[in-house]
Ligand SMILES: Cc1cc2nc3c(=O)[nH]c(=O)nc-3n(C[C@H](O)[C@H](O)[C@H](O)COP(=O)(O)O)c2cc1C
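Numbering (the working numbering), first residue to last: 124 to 313.
Set out below in structure tokens:
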């Protein structure tokens with residue numbers, strides 16, 4: 124992620140879909156393009172399709188690199204599709220690959236899918252991230268029938284999503300500032 128000014132929030136955007144024919148990068152790229160206009164954040168993208176995390180939790184160099192990225196971040200956005208009323212196995216494997224590195228950090232969700240807009244995936248993820256001591260922000264960005272919401276350039280005119288994008292960043296920023304201050308004064312009581 125490199126050096127960033129101390130007052131900027133290091134936001135890691137985790138791309139949760141790893142399918143060969145996935146739509147996820149269109150959604151993630153849109154989110155990241157807009158978010159990079161917000162100078163409160165220093166943004167990097169952690170694409171699980173490239174992370175090569177072992178499903179058997181072997182302590183591999185890839186897993187160590189992943190944990191280091193998680194450790195260096197102040198806040199997260201998980202970009203998740205919905206598969207059979209749940210979230211992708213790759214995303215669960217990623218959460219399970221780190222532990223203390225997640226603790227006391229905020230996360231927001233950008234979801235997409237068919238009719239549900241990925242909202243069931245998001246609500247399930249809230250339960251999971253609570254177990255690794257993260258706080259999930261209320262606002263979600265959600266795309267119903269996602270492939271119809273984006274044009275060939277990867278842009279969307281979905282007003283609700285655009286509005287939620289800004290609110291999600293505001294809420295992440297608030298929590299990230301709060302917990303960075305707390306982390307600086309005393310260790311998180313995990
Ligand atoms: C195995 C599978 C199960 C799916 N189940 C759901 C579902 O339960 N609800 C929903 O709204 N969409 C569902 N979809 C639609 C996906 O959310 C949609 O195709 C999305 O683009 C998948 O993300 P991806 O292309 O980045 O992998 C499913 C798609 C797949 C491949």
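C-beta atoms are modelled at their ideal positions from N, C-alpha and C, and glycine is treated no differently.
Strand pairing of residue i, partner residues [DSSP]
{"i": "residue 133", "result": "165"}
{"i": "residue 170", "result": "138"}
{"i": "residue 206", "result": "209"}
{"i": "residue 259", "result": "230"}
{"i": "residue 198", "result": "134"}
{"i": "residue 264", "result": "233"}
Pairwise C-alpha distance: residue j and residue i
{"i": "residue 263", "j": "residue 275", "result": "24 Å"}
{"i": "residue 229", "j": "residue 277", "result": "27 Å"}
{"i": "residue 204", "j": "residue 147", "result": "7 Å"}
{"i": "residue 209", "j": "residue 139", "result": "12 Å"}
{"i": "residue 288", "j": "residue 225", "result": "22 Å"}
{"i": "residue 291", "j": "residue 261", "result": "8 Å"}
{"i": "residue 255", "j": "residue 222", "result": "6 Å"}
{"i": "residue 159", "j": "residue 172", "result": "22 Å"}
{"i": "residue 155", "j": "residue 182", "result": "30 Å"}
{"i": "residue 298", "j": "residue 257", "result": "11 Å"}
{"i": "residue 273", "j": "residue 308", "result": "44 Å"}
{"i": "residue 124", "j": "residue 167", "result": "For residue 124, the predicted model reports a pLDDT of 48, less than 50, meaning its position is unreliable and no value from the coordinates is stated."}
Residue burial classification, residue i (beta-carbon count within 10 angstroms, cutoff 16)
{"i": "residue 315", "result": "Nothing can be reported for residue 315: it is not among the residues displayed for the chain, which extend from 124 to 313."}
{"i": "residue 126", "result": "Residue placement at residue 126 is flagged as unreliable, the pLDDT there being 48, under the threshold of 50; a coordinate-derived value is accordingly withheld."}
{"i": "residue 238", "result": "exposed"}
{"i": "residue 313", "result": "exposed"}
{"i": "residue 211", "result": "buried"}
{"i": "residue 352", "result": "Any question about residue 352 goes unanswered here, given that the chain covers just 124 to 313."}
CB-CB length for residue i against residue j, believed under 8 Å
{"i": "residue 242", "j": "residue 259", "result": "Not quite, the Cβ-Cβ distance comes to about 13 Å (not below 8 Å), so this is no contact."}
{"i": "residue 244", "j": "residue 150", "result": "That belief does not hold up - the Cβ atoms of residue 244 and residue 150 are roughly 13 Å apart, past 8 Å."}
{"i": "residue 231", "j": "residue 294", "result": "7 Å"}
{"i": "residue 176", "j": "residue 220", "result": "5 Å"}
{"i": "residue 185", "j": "residue 174", "result": "6 Å"}
beta-carbon residue i near ligand 3 non-hydrogen atom, thresh 6 Å
{"i": "residue 226", "result": "With respect to ligand 3, the structure offers nothing, as its ligand set consists of ligand 1."}
- Query: Would you call the stretch 194–202 and the stretch 135–144 in contact, with 3 or more CB pairs under 8 Å?
  - Reply: yes
- Query: Is there contact between the stretch 210–223 and the stretch 295–306, where contact requires at least three CB pairs shorter than 8 Å?
  - Reply: no
- If you pair each beta-carbon of the stretch 155–165 with each one of the stretch 188–196, do three or more pairs fall below 8 Å? no
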